[in-house]
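The next block holds one structure in the form of structure tokens; read it before the comments.
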DNA sequence: TTTGCAGTTTGTTGTTTCGCAACTCGCTGT
DNA sequence: ACAGCGAGTTGCGAAACAACAAACTGCAAA
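Chains as they are written, first to last, in our numbering: chain A, 1 to 251; chain B, 252 to 502.
Spelled out as structure tokens, the structure:
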């Protein structure tokens, strides 16, 4: 809440900030993202120049649920959590997104303004490339490949969410947590001497899996004893991936 | 299961079957779908002629989870349920789709074959327009608007599933059922003298909401007594939409 | 009509998981 | 060093819900 103003009026970083990394670097940034797969690096560079770069501190919102506005963002560094708030005030985490992933897709604003249906919050210092939707739309028409890529990304996310929906509808918390940790270590994991580290608190894991932090704590404590994970403060290190993959339905 | 052969080798309806309805009718069929919004009726007609029409009986599969193959289908009449099976054999209903809705989206098969991640089963006699993906891809390149429409559809579905994910993660069964009935009456409801009828059994509602048929039965019995719905055999008639919309978080 | 079957209702029992409270641990600022 | 704070742990009781059993209902085929 105290960061709301930061979301409404994010830090505008002087262009020098990017040009320090060199123009070539800026283009290659886009090339690495699946959103711009198949585009030439010169095209990427052109697209990059019509964007601005913004820095967000930990806990800052990149955008907020209910906010109007059409910004498409590409995360350059850091991880961002996408959350949705219910009318009753309860929050779930829909996605954890990391480097080179685009966020802020919206329906083409056919009539009136569209509102974001979830919030995006920085988990650490985040650097993001930002396009106003109207400027980006030009490229969508100019490079059909971008639309095709958007399709692939949306479809992949839909498939993941379908799977998670089935899990939460049919599986118990332990198995859901196992699956979530595997996905997280792939998507936003960091190398660690004992395995792959995932930077999420118990409460956040609970919001992701659809349970309470107490239940998460119990399960992680057990897995920690068994050497399957390291249950650290505001983080989990996944050690025994094989165990999590083969987690039995009953336990 | 007994219908598997029907899914693998669906009834090929002689072209006469469609041409009975007249060519113009066939084109207008596509025009009504959001997938082809913005295309001229002559373009629609051209696209339609490269499709075939197939009829499926109740319980037949339009496609099955795990199956390879790339067919995009547009439902002409009838309703189809999209289900996903877990490794443990439990099934959830991901979507209920009705007239003019496209199903069978797949990622562009970049390498090797893609497999369907869910099954599509006819709830009643279904007539569907079917494109082999390769033939459809030509139109995707030719009419960028179709890709844009696919984007909108995928995004809308993603948003709905995000909402349902939040519900199942935070709300109790009664509220989830209330929301599900409202969505169903919009998407696949039929007019009924006392309200809007939804053709789903208790077991199917349970698979959609993520609970058991017993819990569904109890809630519907209560709502039936209170006059909010009519709990009929393999169907529910939604009478008091306002009540369902304002369903309290606690109950 | 009878019979059979699938869908539904309802009661009872058991379990998972929630909700809360009390406590510990480790960090930070004064 | 000390207090204070936020994150995590653990125990206990309760609620929601699942699981099973048994009976009931309506429909359709024989």
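Ideal Cβ placement from N, Cα and C applies to all residues, glycine included.
For residue 364 of chain B, the closest of B:398, B:317, B:474 and B:284 by C-alpha to C-alpha distance is B:317. If you check each beta-carbon in the region 444 to 471 of chain B against every beta-carbon of chain A, the ones closer than 7 Å belong to 461.
Closer than 7 Å at the C-beta level to chain A, one finds these residues of the region 322 to 343 of chain B: 335, 337, 339, 341 and 343. Around residue 485 of chain B, no beta-carbon contact reaches into chain A at under 9 Å, the shortest distance being about 21 Å. In the displayed model, residue 371 of chain B falls within a strand according to three-state DSSP. Taking a beta-carbon distance threshold of 8 Å, residue 158 of chain A counts as an interface residue toward chain B. When secondary structure is reduced to three states using DSSP, residue 479 of chain B falls in the coil class, being assigned neither helix nor strand. Per DSSP, residue 334 of chain B lies in no alpha helix (DSSP H); the unbroken beta strand (DSSP E) holding it starts and ends at 331 to 336. In the three-state scheme derived from DSSP, where H, G and I count as helix and E and B as strand, residue 434 of chain B is classed as helix. Closest by C-alpha distance to residue 305 of chain B, out of B:297, B:291 and B:327, is B:327.
Restricting attention to B:475, B:491 and B:492, the CA atom closest to the CA of residue 484 of chain B is found in B:475. Positions of the beta strand (DSSP E) runs, each at least 3 residues long and wholly inside the region 297 to 357 of chain B, are given as 303 to 307, 312 to 314, 322 to 328, 331 to 336 and 342 to 348 in order along the chain. Residue 282 of chain B has a beta carbon lying at 8 Å or more from every beta carbon in chain A. Scanning its chain for C-beta atoms nearer than 6 Å, with the 5 sequence neighbours on each side dropped, one finds around residue 446 of chain B the residues 488, 489 and 490, in chain order. Around residue 144 of chain A, the beta-carbon contacts reaching into chain B at under 7 Å are 395 and 398. By the CB criterion at 8 Å, residue 72 of chain A and residue 405 of chain B fall outside the cutoff. Taking a beta-carbon distance threshold of 8 Å, residue 65 of chain A does not count as an interface residue toward chain B. By the C-beta criterion, the region 80 to 98 of chain A is judged not to be in contact with the region 39 to 55 of chain A, since fewer than 3 inter-stretch pairs fall below 8 Å. In summary, the residues of the region 367 to 389 of chain B whose CB is separated from some CB of chain A by less than 8 Å are 368 and 369, in the order they occur in the chain. Excluding sequence positions up to five before and after residue 31 of chain A, its CB lies within less than 7 Å of the CB of 41 and 44, all in the same chain and listed in chain order.
Cβ neighbours of residue 458 of chain B within its own chain (closer than 8 Å, five residues either side excluded): 334, 342, 343 and 344. Residue 172 of chain A carries a coil assignment under DSSP once its states are collapsed to helix, strand and coil. Membership of residue 493 of chain B in the alpha helix (DSSP H) is indicated by the continuous run 492 to 496. Nearest C-alpha to residue 168 of chain A among A:69, A:210, A:204 and A:203: A:210. In this structure, residue 74 of chain A lies away from residue 138 of chain A, with their beta-carbon atoms at least 8 Å apart.
A direct Cα-Cα distance of roughly 10 Å separates residue 486 of chain B from residue 456 of chain B.
Within the model, the alpha-carbon separation for residue 417 of chain B versus residue 498 of chain B is close to 16 Å.
Under the three-state reduction of DSSP, residue 499 of chain B is assigned to coil, being neither helix nor strand. Residue 185 of chain A counts as buried, since no fewer than 16 other beta carbons sit within 10 angstroms of its beta carbon.
For the 8 Å CB-CB criterion, residue 36 of chain A and residue 119 of chain A do not form a contact. Taking CB atoms only, residue 187 of chain A has no neighbour in chain B less than 8 Å away. As DSSP reads the structure, residue 196 of chain A sits in a beta bridge with A:191 and A:238. Taking C-alpha positions only, residue 219 of chain A is separated from residue 199 of chain A by approximately 17 Å. Around residue 420 of chain B, the beta-carbon contacts reaching into chain A at under 7 Å are 92, 168 and 210. Distances from the alpha-carbon of residue 339 of chain B to those of A:172, A:182 and A:241 put A:172 closest. A:98 is the residue among A:214, A:86, A:146 and A:98 whose C-alpha sits nearest the C-alpha of residue 189 of chain A.
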